[in-house]
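K.L.:
Take a look at the following structure, please.
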Amino acid sequence: MSAVSTTSDLTRQTAAELASAIASREVSAVEVTRAHLDRIDAVDTDVHAFLHVSGEKALAAAAAVDESLQRGEAPASPLAGVPLALKDIVVQQGVPTTAGSKILEGWLPPYDATVTQRLVAAGIVILGKTNLDEFAMGSSTENSAYGPTRNPWDLTRIPGGSGGGSAAALAAFEAPLAIGTDTGGSIRQPASVTGTVGAKPTYGGVSRYGVIALASSLDQVGPCARTVLDTAMLHEVIAGHDPRDSTSIPQPAPKVVDAVRRGQTDGVAGMRIGIVKQLGGDGYQAGVSESFAKAVATLTAAGAEIVEVDCPHFEYGLAAYYLILPSECSSNLARFDAMRYGLRVEKRPDGTLIESAEQVMAATRGQGFGAEVKRRIMLGTYALSAGYYDAYYGSAQKVRTLIRQDFERAYEQADVLISPSSPVTAFAIGEKADDPMAMYLNDLATIPGSLAGIPAMSVPSGIASDTGLPVGLQIMGPALGELPMYRVAAAFEAAYLAEHGTLVPDLAPALEGAP
Amino acid sequence: MNDHTAATSPPVEAELIDFDEALELFDPVMGLEVHVELGTATKMFCGCPNAFGAAPNTNVCPVCLALPGAMPTVNAQAVEYATLIGLALNCEIAQLCRFSRKNYFYPDMPKNFQTSQYDEPIASNGHLDVDLGDGEIFRVEIERAHMEEDTGKSTHVGGLTGRIHGAEYSLLDYNRAGVPLVEIVTKPIVGTGKSAPVVARAYVAALRDLLLTLGVSDVRMDQGSLRCDVNLSLMRKDATEFGTRTETKNVNSLRSVERAARHEISRQAGILEAGGSIVLETRHFDEATGETGSGRPKETAEDYRYFPEPDLVPVVPDREWVETLRAGLPELPWLRRARLQQDWGFTDLEMRDLVAADGVVLVEQTVAAGATPGEARSWWNAYLGQRANERGVTLTELPITPEQVAAVSALVRDGALNAKLARQVIDGVLAGEGEPQDVIAARGLAVVSDDAALQTAVDEALAAQPAIAEKIRSGKLQAVGAVVGAVMKATRGQADAGRVRELVLSTLGVEG
Amino acid sequence: MSALQDSGSEVSIAAQQPALTRDEVAHLAHLARLQLTESELDLYREQLDVVLHSVARVSEIATADVEPTTHAVQLVNVYREDVVVPGLEHAAALAAAPATDEGRFRVPQILGEEE
């Protein structure tokens, strides 16, 4: 918690520290924003976390926060003036929003997502839009139509996905806060492989209005940061009921910051923490398993009671997920048809005009979507077809019920469940690009929580001894159980800091060319 | 992508067969699908105005334009209207129902799926009793009524015909996209025989009346707020299974419903008699020719890939709420008409004329304002009916209120106006001269009720026609008319003819 | 790493499933309005086969007595009052359109027929 001194230091601060320095006018929001924009300038050519940087807009928003404070007004929120990186699947009025797809290149949304509105109302400064796998389909950010994002820990490796841009922006100190979306692990797996923190709230906890839909029954927006406290503070800004999202839980945001404070002071003494038998062992990298074992030891030492829980249907989770997601996305992505916005392919390769709307739709979608998107649309179209619905989509929805019941039984024995967030640490760019099945396995540990709609987050559990790369610990709470989840996360982070003297994000390479 | 490969060996076209002849060979089986646009203030899934006739793309938002990220929210009023329709059609209201996505691509449908209901409609298994006009009641069984949304409107520009084929490009207006619809589907209507076209028409007419009474739609067929698809097949008299059907889309007037059914019966019978087979297809009704034209073959129809709409949660109608709605249902039009006819003592013919002229409500209001049913009916059905005809408007569009008609009736009853004057007063009101009293004052139309003045006129008339006076004295009362006529002429029609007659008789000392 | 791979001895519908034909893949592409190249059709035929083979195992445990979960959130009856909310300005509604004419979205000629 060093005092804020030089500009370059500003990017190393936590959001909580920056907010407090801005509120007390030790530093201006404009200075903080400028420092992060400079950092983006210096490192983002290498990292490519951002698809669009809104420099002027960000500085104007920061100036507005400063002016308001100058007038003696109370800060708009506990994070007023703090910069944030917004995943480019959340719409922001007048700012290019692409969802990582060519089909939306150049589209300027005429409206704000509810999350965007809440960020702006909280005085949070949106630096720009971050890279992602096209329409959030992927686990590596390699599926972006605008080129991959690189992992700040090793620029030859992937930053996870789909929210690789947001996670990399945090790990590269380009932003202290970021927004992610998580359908099957798109917040947790990138957090895991970049050594950052990311939380997927209970389904319905954060409004999806204005968030470009992948799989509507699974999608959830969530906060990302480098510390558990920052994540919790951002969580409170974006969560809470929104009448524009019919699946939004009609409750105010949970008091997760209080839960973090409690975890920091009281630890996990007396809490029952369950290890899911099915989420570990075979298929998990040795360094990951080792780091997980150490995390269990840390929690045990901190006073938790560790129990093993059996979730026999989890092994069907991945299969169910890869039916539900493609089915819903095949329908959600139908609106990208070249009629009202986005790309329109009107000519054939030979330059002749395509005559009909139907053919223009097909040509545009054929060229505007990338391989993974097309693959999943085809898969979903098949799974929903007459004659196959019951065997595929219908069965997958039943598996969902069985997995939910597994969780319910597990939470009778434990307050939270834990597992590795990802079976492996960051792999090399291109390594799995040609093997969709291998790629899908990255979400093995995160998918059950997505299917059940429970809250789950990833916190760094350390560095894998075999690869030297960060590993994530997944903490899963029961439905609406954000409080015990954050408490355990904060307690673990505090115990880790006490044990190691430094947090994982601070071990990330400084990156060449940084100021 | 060969959508139109429907190669079949038997003939699919043939000469039409005379309707009556067709019905001797075949029994028609009909299914009627009616789409009704609900009269809510806003659209089904967003807060945009549900309004007809606005400038293109002015009633749109991220939701109904299907912008990336937008999400639907269900209009509570639309759910209530759909429930009311279900109740009025004697349907069961679902304990739990869902919205589903019907996936197909079409440029006038922004999401490229229609949010509809699939296997869980809000209302199912009802019926509607339809009056065929001659007092015969036919019960049409209702399969289901479900909620969905309308599409936008496309205009096809260029080409020769201005229709879809041959158009160079199309223009899209999404004001209508997302307008709430309820689709009402009948079970197969069998056993109508020759009455099939009449049943079809009467059903749509009854449904229209019902929806209007419920206040859930303006049911303007001309504006597309009520649209009917006629599904029809024929089965031979000795057959046990339904034949192949055709679906004639968007038949947009009551008369067209009847004509479309009639034409399809003759057309299909012609093909079947020629040894051909019916192609499962959609057809289009041509208002000008009264015929249906071939559309899209159904065997290559899209697989809609329905699945539950994940952006919306289930609709679970509260049972108490449903019962409250049921208790508050307005009296159904045909029941109400029967009750009013009895109350008013009208003959069937009188009532039918009144219904045909859309005058029931007007008579009801006129009676409420103090007129007798007979007075009210005679004004609205006769004199005002003629005036409406002359102006080419409906009775309700005439610039006169039931209260004004009742006021004139009262003046006639009190003797302040006679029939001829009363018509002049009505004409004055229709001409915009104000209330009946204003017209009477301005035109000086009051009946001469001053007996002294009338007596003078009677005396003069009798003096002028002594021969007639003598006839009356001798008991030939039919001669009184000539004297009354003379007095009426002398008073320029402003006398009460009845009173004049009394004075003539009393002057001559004759018993009336 | 067995979660998505064939479950070996277990009999599932995946095992009985005939391989996707190229025509079926082309039909799916048409339904989804995706114009695919010849090589894409081949690639997807192969990849969809593999994925479908693996995911079909969901039917092993999806017995008739299990209720499907369509929503992770157990809400019902979420409604909006029937009150007009301002939408988009006309110009904003059309701003992103590839082509417009007479205040409307201009699109190439529509060949199919309305539903």
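Residue numbers (the working numbering), protein chains in the order written: chain A, 1 to 515; chain B, 1001 to 1512; chain C, 2001 to 2115. Quick reminder that beta carbons are idealized off the backbone N, C-alpha and C, glycines included.
#1: Taking 8 Å as the threshold (beta carbon to beta carbon), is S2009(C) in contact with chain A?
#2: Using a Cβ-Cβ cut-off of less than 7 Å, give me the residues of the stretch 178-203 of chain A that come near chain C, in sequence order.
#3: Determine the burial state of G1215(B): buried for a count of at least 16 other Cβ atoms within 10 Å of its Cβ, exposed for fewer.
#4: Closer than 8 Å, Cβ to Cβ, to anything on chain B: give me those residues from the stretch 210-242 of chain A, in chain order.
#5: Report yes or no: is there a C-beta of chain B within less than 8 Å of the C-beta of P250(A)?
#6: Can you name the residues of chain A whose CB is closer than 8 Å to the CB of P2068(C)?
#7: Considering just the uninterrupted stretch of the alpha helix (DSSP H) at A295(A), what are its terminal residues?
#8: On the three-state DSSP scale, how would you describe Y111(A)?
#9: With a threshold of 8 Å between beta-carbons, can K1111(B) be considered close to chain A, or not?
#10: Who are F1026(B)'s beta bridge partners in DSSP?
#11: Just checking: is the beta-carbon of V4(A) within a distance shorter than 8 Å of some beta-carbon in chain B?
#12: How would you label E1247(B), buried or exposed, when you count the other beta carbons within 10 angstroms and need 16 or more for buried?
#13: Restricting to runs no shorter than 4 residues, where is the alpha helix (DSSP H) found entirely within the stretch 1390-1462 of chain B?
#14: Under a Cβ-count criterion, where at least 16 other Cβ atoms within 10 Å of its own Cβ denotes burial, should E2010(C) be classed as buried or exposed?
#15: Determine whether the Cβ of A445(A) lies closer than 8 Å to any Cβ atom of chain C.
#16: In terms of residues, what are the limits of the beta strand (DSSP E) holding K87(A)?
#17: Determine the direct distance from the alpha carbon of R244(A) to that of V517(A), and round the result to whole angstroms.
#18: So is E2102(C) in contact with chain B if we call contact Cβ pairs under 8 Å?
#19: Let's see if you can read the secondary structure: which residues bound the alpha helix (DSSP H) around A60(A)?
#20: Going by beta carbon distance, what residues of the same chain come within less than 6 Å of V1199(B), once the five residues before and after it are set aside?
#21: How big is the Cα-Cα spacing for L1032(B) and K1249(B)?
#22: Whose CA, out of R1220(B), I1278(B) and L1207(B), lies closest to the CA of L1234(B)?
#23: Would you mind sorting M1(A) into buried or exposed? The rule is 16 or more other CB atoms within 10 Å of its CB.
#24: Residue ranges of each alpha helix (DSSP H) run of no fewer than 4 residues wholly in the stretch 1148-1233 of chain B, ordered along the chain?
#25: Please name the residue, chosen from F173(A), G204(A), L214(A) and P109(A), that lies closest to L132(A) on a Cα-to-Cα basis.
#26: Using a beta-carbon distance cut-off of less than 9 Å, what residues from the stretch 2032-2047 of chain C approach chain B?
#27: In chain B, what lies closer than 7 Å to H2053(C) by C-beta?
#28: In chain order, which alpha helix (DSSP H) runs of at least 4 residues are fully inside the stretch 105-192 of chain A?
#29: Below 8 Å CB to CB, which residues in the same chain sit around D337(A) once its five sequence neighbours on both sides are set aside?
#30: Taking its Cβ as the centre, do 16 or more other Cβ atoms sit within 10 Å of T2069(C), making it buried, or is it exposed?
#31: How long is the line joining the alpha carbons of R335(A) and V256(A), rounded to whole angstroms?
#32: Restricting to runs no shorter than 3 residues, where is the beta strand (DSSP E) found entirely within the stretch 1087-1132 of chain B?
#33: Should E134(A) be flagged as near chain B, meaning a C-beta pair shorter than 8 Å?
#34: Which one of Y1169(B), H1127(B) and G1133(B) has the shortest CA to CA distance from I1189(B)?
#35: Do we get a CB-CB distance below 8 Å when we pair G1069(B) with the residues of chain A?
#36: Going along chain C, which residues have a C-beta under 8 Å from D1303(B)?
P.N.:
Answer, in terms of the structure:
#1: Taking the third sequence and counting its residues from 1, the one referred to as residue 2009(C) is at position 9. The predicted model places S2009(C) with a pLDDT of 36, which falls under 50 and marks its position as unreliable; any figure quoted below should be read in that light. For S2009(C), the answer is no, since every Cβ of chain A falls outside 8 Å of its Cβ.
#2: Y203
#3: Sequence index remark: in the second sequence, residue 1215(B) carries index 215 (1-based). Classification of G1215(B): exposed, given that the 10 Å Cβ count is below 16.
#4: G210, V211, I212, A213, A215, S216 and S217
#5: Working through the first sequence from its first residue, we reach residue 250(A) at position 250. Taking Cβ atoms only, chain B never reaches closer than 8 Å to P250(A), which makes this a no.
#6: Taking the first residue of the third sequence as 1, we reach residue 2068(C) at position 68. Result: G394, Q397, K398, R400 and T401.
#7: On the first sequence, position 295 is the one that residue 295(A) refers to. Its alpha helix (DSSP H) spans residues A286 to A301.
#8: Position 111 of the first sequence holds residue 111(A). The answer is coil: DSSP assigns Y111(A) none of H, G, I, E or B.
#9: Counting from one through the second sequence, the residue named residue 1111(B) turns up at place 111. Taking Cβ atoms only, chain A reaches closer than 8 Å to K1111(B), which makes this a yes.
#10: In the second sequence, residue 1026(B) corresponds to position 26, counting from 1. Bridge partners of F1026(B): R1236(B).
#11: Your numbering for residue 4(A) matches position 4 in the first sequence. Per-residue confidence for V4(A) stands at a pLDDT of 43, beneath the threshold of 50, marking its modelled position as unreliable; the derived number appears in the next sentence. No, its Cβ sits nowhere closer than 8 Å to a Cβ of chain B.
#12: Indexing the second sequence from 1 puts residue 1247(B) at position 247. Label assigned to E1247(B): buried.
#13: 1402-1413, 1419-1430 and 1436-1443
#14: In the third sequence, residue 2010(C) corresponds to position 10, counting from 1. Reliability fails at E2010(C), whose pLDDT of 39 lies under 50, so the model's placement of it is uncertain and no value is given.
#15: As a first step, residue 445(A) is located in the first sequence; it is residue number 445 there, counting from the start. Output row for A445(A): interface = no.
#16: The sequence position of residue 87(A) within the first sequence is 87, counting from 1. First-last of the beta strand (DSSP E) with K87(A): P83 to K87.
#17: Since the first and last residues shown for chain A are 1 and 515, residue 517(A) lies out of range.
#18: Looking up residue 2102(C) in the third sequence gives position 102. It does: the Cβ of E2102(C) has a partner Cβ on chain B nearer than 8 Å.
#19: Counting from one through the first sequence, the residue named residue 60(A) turns up at place 60. First-last of the alpha helix (DSSP H) with A60(A): G55 to Q70.
#20: As a position in the second sequence, residue 1199(B) is number 199, starting the count at 1. The residues are F1138 and T1192.
#21: Here residue 1032(B) refers to the residue found at position 32 of the second sequence. Here residue 1249(B) refers to the residue found at position 249 of the second sequence. Computed Cα separation, rounded: 10 Å.
#22: Residue mapping note: residue 1234(B) aligns to position 234 of the second sequence, counting from 1. If we check each option's Cα against that of L1234(B), I1278(B) comes out closest.
#23: Reading the first sequence from its first residue, position 1 is the one you call residue 1(A). For M1(A), the predicted model reports a pLDDT of 39, less than 50, meaning its position is unreliable and no value from the coordinates is stated.
#24: 1196-1214
#25: Here residue 132(A) is taken as the residue at index 132 of the first sequence, counted from 1. Nearest C-alpha to L132(A): L214(A).
#26: A2032 and R2033
#27: As a working mapping, residue 2053(C) is identified with position 53 in the third sequence. The premise fails here: H2053(C) is roughly 21 Å from chain B at the closest Cβ pair, so nothing lies under 7 Å.
#28: 114-121 and 164-171
#29: Along the first sequence, one-based indexing puts residue 337(A) at 337. Excluding residues within five positions, the ones whose Cβ falls inside 8 Å are M361, T364 and R365.
#30: For the purposes of this step, residue 2069(C) is taken as the residue at position 69 of the third sequence. Buried.
#31: What you label residue 335(A) is simply residue 335 of the first sequence in a count that begins at 1. What you label residue 256(A) is simply residue 256 of the first sequence in a count that begins at 1. Distance between the alpha carbons of R335(A) and V256(A) is about 37 Å.
#32: 1100-1103, 1113-1116 and 1123-1131
#33: As a first step, residue 134(A) must be located in the first sequence, where it is residue number 134. No, its Cβ sits nowhere closer than 8 Å to a Cβ of chain B.
#34: If you number the second sequence from 1, residue 1189(B) lands on position 189. Nearest option by C-alpha distance: H1127(B).
#35: Numbered from 1 along the second sequence, position 69 holds the residue referred to as residue 1069(B). Yes, its Cβ sits closer than 8 Å to a Cβ of chain A.
#36: Locating residue 1303(B) in the second sequence gives position 303, counting from the first residue. In chain order: L2031.
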